[in-house]
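These notes are about the structure you will find just below.
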């Protein structure tokens with residue numbers, strides 16, 4: 015009788031691919047959290063409406079009208095993206111101790127989580143191709159795609 019020897023190589027490959035997929039998802043979450051925390055945990059922060067008056071390549075500026083007794087301010091900025099255009103009015107929240115604003119509501123939340131959506135799509139390729147787990151890959155791709163499509167239609 016011959017003894018059947020199994021190689022550790024397939025297990026090492028799967029472990030390495032799992033580590034890469036995990037790294038992608040963690041990086042996407044980390045990149046999203048910088049903005050998403052202000053949208054999700056906005057209680058106790060200053061809310062208001064921004065009317066965009068001008069945009070440069072990186073940021074847009076405008077008149078910020080806060081809720082409550084405080085008066086309007088003109089020194090506030092918001093990141094320039096396809097979601098912000100000159101003349102638009104947006105519900106926003108102020109990042110603490112800055113003059114930066116973040117959009118709130120569904121559109122702001124979905125926009126903040128866009129990096130995670132892209133990371134889930136990339137992780138799906140690693141999961142499907144490297145780990146050979148097609149169902150988990152399709153689930154990851156579906157979640158990432160739904161996030162990206164949802165943000166597209168919300169903005």
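Residue numbers (the working numbering): 15 to 169.
Glycine included, each C-beta is placed from N, C-alpha and C at the ideal position.
These numbers were taken from a predicted model, which means no experiment stands behind them.
Alpha carbon to alpha carbon, how far is residue 134 from residue 82? Give it in angstroms, no decimals. If I take the Cα positions, the gap works out to 40 Å.
Residues sharing a beta bridge with residue 115, DSSP: 92, 108, per the DSSP bridge assignment.
Confirm, please, whether the CB-CB distance from residue 77 to residue 107 is below 7 Å. no
Using the rule of at least 16 other Cβ atoms within 10 Å of the residue's Cβ for burial, across every protein chain shown, is residue 154 buried or exposed? buried
Mapping the DSSP letters down to three states, classify residue 63 as helix, strand or coil. In the three-state reduction of the DSSP assignment, residue 63 falls in the strand class, which pools E and B.
So is residue 25 buried or exposed if we call it buried at 16+ other beta carbons inside 10 Å? exposed
Pick from 50, 84, 164, 35: whose alpha carbon is nearest that of residue 140? In terms of CA proximity to residue 140, 35 leads the group 50, 84, 164, 35.
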